[in-house]
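Visitor: Numbering (this note's numbering), first residue to last: 31 to 645.
Glycine residues also receive a C-beta, built at the ideal position from the N, C-alpha and C atoms.
Computed from a prediction, not measured in an experiment: that's the story for all the values here.
Supplied in structure tokens, the structure appears directly below.
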Ligand code: DGJ
């Protein structure tokens with residue numbers, strides 16, 4: 031999946047002479063990026079049918095085991111928290127058998143030396159370019175060697191190999207860093223921006239959007255949408271996203287998923303006329319879909335009950351009032367391409383939020399023959415990727431954002447089609463800190479959707495200032511998810527100010543290099559900075575979660591700023607020399623309240639102290 035014109039491929043062909051089976055180890059070498067990809071191809075050259083029961087994409091043997099396994103784990107609303115444990119003899123693993131890469135475990139794992147921090151220590155990292163069931167495993171043998179592997183989860187997996195057939199696994203990206211997690215992240219970020227994300231999107235400034243979900247959930251009218259859009263546009267937002275509730279007869283979760291026909295009664299006319307009215311506010315339009323699911327109460331389900339994942343004769347479990355469509359069935363994929371394609375074809379839509387809100391249960395297919403039932407989870411993924419291939423190619427100007435109840439499918443498989451991901455449904459700024467820290471280990475800021483939401487926060491009821499909510503949302507593609515009607519004019523002005531500021535710094539965030547300064551140690555203080563691609567600007571952010579009594583103003587030391595370069599801090603006008611920023615640091619000042627933050631923007635004013643353009 032990853033590609034770069036300078037990359038090279040190495041194929042090692044292994045042949046089992048007795049069984050007449052070939053296994054080809056395929057390595058992609060991305061020298062410019064210091065990364066390798068690996069996948070495995072199996073070829074049946076024999077006269078017999080056989081079944082694959084377990085197959086990894088990458089396997090690495092290390093002659094030592096004094097390492098930690100670092101993983102990104104969590105649950106809905108608290109995805110990608112960093113967890114770390116020392117390797118012991120035997121197996122330690124992370125994985126998913128939920129039909130999606132999952133909120134619980136991200137398809138990322140790294141073996142790191144015990145002293146590894148952001149800047150020091152060895153890291154051997156693997157990230158799976160796949161959005162379905164996976165297993166990452168580190169096994170220490172009796173002699174202290176470790177075997178580190180990643181691939182499709184063998185749980186309930188089987189693949190029938192007919193004569194002459196081939197099976198190729200999805201790719202794993204392998205990254206080594208000798209300088210801690212920071213260097214590992216830089217490798218992943220650059221590689222994914224340049225070689226994974228679709229075409230122009232890796233280098234395209236992302237719009238500031240307002241999403242209607244937390245503003246109105248299912249309760250909206252044409253007038254409420256237009257007034258929300260108007261206020262969003264006045265605040266400086268560039269894109270309005272109509273979330274769930276615009277199709278079928280959808281006023282709550284119980285109905286209509288699968289019937290991708292505009293709910294004109296609720297929209298007060300055709301979707302096209304609504305979009306026209308919205309665009310008159312000077313803002314573009316985006317739409318939410320959940321194509322892979324179906325409501326039992328829908329025309330689609332009534333017409334095609336056989337299209338749902340199910341075990342014949344058994345009751346189908348509902349989750350969030352939905353069933354999962356059987357994407358192993360090409361007729362289902364064709365329907366989705368037609369239904370979503372029709373809406374995109376007929377309406378001026380520049381953005382799609384592609385949601386997926388439940389995992390697999392009753393994993394069976396009425397389309398596949400009994401002997402191929404265990405192929406369903408992988409065939410589902412192949413079907414989904416086919417649908418996404420068709421739609422993203424046909425609508426190549428549409429920006430797709432992936433979502434699975436937040437970060438339930440935040441993986442490079444999705445980023446390949448959808449260059450940004452809504453990484454969590456938890457919009458509380460404090461909760462977002464560990465989520466964004468963990469996610470940023472692997473995924474670039476330009477791939478992370480981060481919104482300023484209302485207070486009290488809808489998930490935690492916490493009240494955090496707009497400044498801090500915005501500062502935290504600027505750790506990615508900042509957007510909004512709030513109801514302007516509930517906000518007083520002073521706060522509206524503040525939001526506008528934050529949006530104006532983000533417009534000034536967004537290229538630094540979206541294309542610059544991220545350095546995490548604080549957060550790994552105690553979880554109470556977070557700080558991160560970006561240096562722009564041309565190294566002319568630095569954006570520095572500090573957030574403290576809980577305040578404590580009897581503290582003094584501390585300093586925040588920056589990273590990777592050239593010693594002799596002079597920078598001016600844009601608010602105070604103070605001039606700093608590079609070595610002052612890295613060795614002495616910036617004074618944070620006294621922090622008195624919970625959830626308080628500071629932000630500094632530095633502009634380069636000279637390359638060395640002798641030639642300062644000091645005004
Ligand atoms: C779950 C998503 O994560 C939310 O942002 C929202 O789109 C809802 N689904 C809509 O049902």
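If distances are taken between C-alpha atoms only, which option among 62, 92, 125 and 433 comes closest to residue 221?
Guide: In the chain shown, residue 221 corresponds to position 191, counting from 1. Of 62, 92, 125 and 433, the residue nearest in Cα terms is 62.
Visitor: Which same chain residues end up closer than 6 Å to residue 213 when comparing Cβ atoms and leaving out the 5 residues on each side of it in sequence?
Guide: Position 183 of the chain shown holds residue 213. The answer, listed in chain order, is 207.
Visitor: Does the beta-carbon of residue 462 have 16 or more other beta-carbons within 10 angstroms, so that it is buried, or is it exposed?
Guide: Working through the chain shown from its first residue, we reach residue 462 at position 432. Buried, by the Cβ-count rule.
Visitor: With a threshold of 7 Å (Cβ to nearest heavy atom), would residue 387 be considered close to ligand 1?
Guide: As a position in the chain shown, residue 387 is number 357, starting the count at 1. Flag set: Cβ of residue 387 near ligand 1.
Visitor: Where does residue 549 sit, in a helix, a strand or coil, going by DSSP?
Guide: By one-based count along the chain shown, residue 549 stands at place 519. Of the three classes helix, strand and coil, the one that applies to residue 549 here is coil, per DSSP.
Visitor: Would you mind sorting residue 372 into buried or exposed? The rule is 16 or more other CB atoms within 10 Å of its CB.
Guide: Numbered from 1 along the chain shown, position 342 holds the residue referred to as residue 372. Result: exposed.
Visitor: Decide if residue 383 is buried, meaning its Cβ has at least 16 other Cβ atoms within 10 Å, or exposed.
Guide: Position 353 of the chain shown, counted from the first residue, corresponds to residue 383. So residue 383 counts as buried.
Visitor: If the criterion is Cβ atoms closer than 8 Å, does the pair residue 140 and residue 150 meet it?
Guide: Here residue 140 refers to the residue found at position 110 when the chain shown is read from its first residue. Here residue 150 refers to the residue found at position 120 when the chain shown is read from its first residue. No, the pair does not count as a contact, with Cβ atoms beyond the cut-off.
Visitor: Any heavy atom of ligand 1 closer than 7 Å to the beta-carbon of residue 480?
Guide: As a first step, residue 480 must be located in the chain shown, where it is residue number 450. Incorrect: residue 480 has no Cβ contact closer than 7 Å to ligand 1.
Visitor: From the DSSP output, in three-state form, read off residue 419 for me.
Guide: On the chain shown, position 389 is the one that residue 419 refers to. Helix.
Visitor: In angstroms with no decimal places, state the Cα-to-Cα distance between residue 204 and residue 306.
Guide: The residue given as residue 204 occupies position 174 in the chain shown. The residue given as residue 306 occupies position 276 in the chain shown. In a straight line, the C-alpha of residue 204 is about 47 Å away from that of residue 306.
Visitor: For residue 498, is the classification buried or exposed, using 16 other Cβ atoms within 10 angstroms of its Cβ as the cut-off for buried?
Guide: Position 468 of the chain shown holds residue 498. When all chains shown are included, residue 498 counts as buried.
Visitor: Identify the continuous beta strand (DSSP E) that holds residue 157 and give its terminal residues.
Guide: On the chain shown, residue 157 is found 127 positions in, with the first residue counted as 1. Looking at the DSSP string, the run of the beta strand (DSSP E) that includes residue 157 is 153-158.
Visitor: Quick one: what's got a C-beta closer than 7 Å to residue 530's C-beta in the same chain, skipping five residues either side?
Guide: The residue labelled residue 530 in the question sits at position 500 within the chain shown. Short of 7 Å from the beta carbon of residue 530, and not among the five residues preceding or following it, lie these beta carbons of its own chain, in chain order: 266.
Visitor: On the premise that residue 370 lies in contact with residue 337, defined as a C-beta separation below 8 Å, what is that separation, rounded to the nearest angstrom?
Guide: Counting from 1 along the chain shown, the entry for residue 337 is found at position 307. Counting from 1 along the chain shown, the entry for residue 370 is found at position 340. Their Cβ separation, rounded to whole angstroms, is 16 Å, which puts residue 337 and residue 370 out of contact at 8 Å.
Visitor: So, for residue 631: in the same chain, excluding its five sequence neighbours on each side, which residues have a beta-carbon less than 6 Å away from its beta-carbon?
Guide: Indexing the chain shown from 1 puts residue 631 at position 601. The answer, listed in chain order, is 569 and 600.
Visitor: Would you identify the three-state DSSP class for residue 254, choosing helix, strand or coil?
Guide: On the chain shown, position 224 is the one that residue 254 refers to. Helix, per DSSP.
Visitor: Select from 58, 37, 148 and 31 the residue whose C-alpha is nearest the C-alpha of residue 550.
Guide: For the purposes of this step, residue 550 is taken as the residue at position 520 of the chain shown. With distances taken between Cα atoms, residue 550 lies closest to 148.
Visitor: Should residue 433 be listed as close to ligand 1, given that the test is whether its C-beta is under 7 Å from any heavy atom?
Guide: Along the chain shown, read from residue 1 onward, the residue named residue 433 stands at position 403. Yes, the beta carbon of residue 433 sits closer than 7 Å to at least one heavy atom of ligand 1.
Visitor: Can you tell which of 517, 300 and 508 has the C-alpha that lies nearest to the C-alpha of residue 532?
Guide: The residue given as residue 532 occupies position 502 in the chain shown. Minimum Cα distance to residue 532 is reached at 508.
Visitor: DSSP has residue 585 in a bridge; who is on the other side?
Guide: Here residue 585 refers to the residue found at position 555 of the chain shown. 617.
Visitor: Could you tell me the alpha carbon to alpha carbon distance between residue 542 and residue 239, rounded to whole angstroms?
Guide: Within the chain shown, numbered from 1, the residue matching residue 542 stands at position 512. Within the chain shown, numbered from 1, the residue matching residue 239 stands at position 209. So the alpha carbons of these two residues sit roughly 21 Å apart.
Visitor: Using the three-state DSSP reduction, which class does residue 243 fall into: helix, strand or coil?
Guide: Counting from one through the chain shown, the residue named residue 243 turns up at place 213. Reduced to three states, the DSSP call for residue 243 is helix.
Visitor: Taking the C-alpha atoms as reference points, what is the distance between residue 201 and residue 242?
Guide: Stepping through the chain shown from its first residue, residue 201 is reached at position 171. Stepping through the chain shown from its first residue, residue 242 is reached at position 212. Computed Cα separation, rounded: 36 Å.
Visitor: Taking only the alpha-carbon atoms, compute the straight-line gap between residue 178 and residue 116 and give it to the nearest angstrom.
Guide: Residue numbering aside, residue 178 sits at position 148 when the chain shown is read from its first letter. Residue numbering aside, residue 116 sits at position 86 when the chain shown is read from its first letter. Rounded to whole angstroms, residue 178 to residue 116 spans 14 Å at the Cα level.
Visitor: Keeping to the same chain, check which residues put their C-beta closer than 6 Å to that of residue 624; ignore five residues upstream and five downstream.
Guide: Along the chain shown, one-based indexing puts residue 624 at 594. Only 576 and 577 meet the Cβ criterion.
Visitor: Taking only three categories from DSSP, how would you classify residue 346?
Guide: Position 316 of the chain shown, counted from the first residue, corresponds to residue 346. Coil.
Visitor: Taking residue 191 as part of the beta strand (DSSP E), name the residues at either end of that continuous run.
Guide: Taking the chain shown and counting its residues from 1, one reaches residue 191 at position 161. Residues 189-191.
Visitor: Tell whether a beta-carbon distance below 8 Å holds between residue 451 and residue 431.
Guide: Within the chain shown, residue 451 is the residue found at index 421, counting from 1. Within the chain shown, residue 431 is the residue found at index 401, counting from 1. Cβ atoms of residue 451 and residue 431: closer than 8 Å.
Visitor: Note down the Cα distance separating residue 566 from residue 99, rounded to an integer number of angstroms.
Guide: One-based indexing of the chain shown puts residue 566 at position 536. One-based indexing of the chain shown puts residue 99 at position 69. Take the alpha-carbon of residue 566 and the one of residue 99: they are about 37 Å apart.
Visitor: Considering just the uninterrupted stretch of the alpha helix (DSSP H) at residue 686, what are its terminal residues?
Guide: Only positions 31 to 645 of the chain appear in the structure, and residue 686 is not among them; the question remains open.
Visitor: For residue 219, which residues of its own chain have a beta-carbon under 6 Å away from its beta-carbon, when the five flanking residues on both sides are left out?
Guide: Counting from one through the chain shown, the residue named residue 219 turns up at place 189. Closer than 6 Å at Cβ, skipping near neighbours: 474.
Visitor: Helix, strand or coil: which one does DSSP assign to residue 454?
Guide: As a first step, residue 454 is located in the chain shown; it is residue number 424 there, counting from the start. Correct three-state label for residue 454: strand.
Visitor: Output the boundary residues of the beta strand (DSSP E) element that contains residue 46.
Guide: One-based indexing of the chain shown puts residue 46 at position 16. Annotation for residue 46: the continuous beta strand (DSSP E) segment containing it runs 38-46.
Visitor: Please say whether residue 563 and residue 595 have beta carbons closer to each other than 8 Å?
Guide: The residue you call residue 595 lines up with position 565 of the chain shown. The residue you call residue 563 lines up with position 533 of the chain shown. Annotated as distal: residue 595 and residue 563, with beta-carbon spacing of 8 Å or more.
Visitor: Roughly how many angstroms lie between the CA atoms of residue 472 and residue 59, to the nearest whole one?
Guide: As a working mapping, residue 472 is identified with position 442 in the chain shown. As a working mapping, residue 59 is identified with position 29 in the chain shown. Distance between the alpha carbons of residue 472 and residue 59 is about 19 Å.
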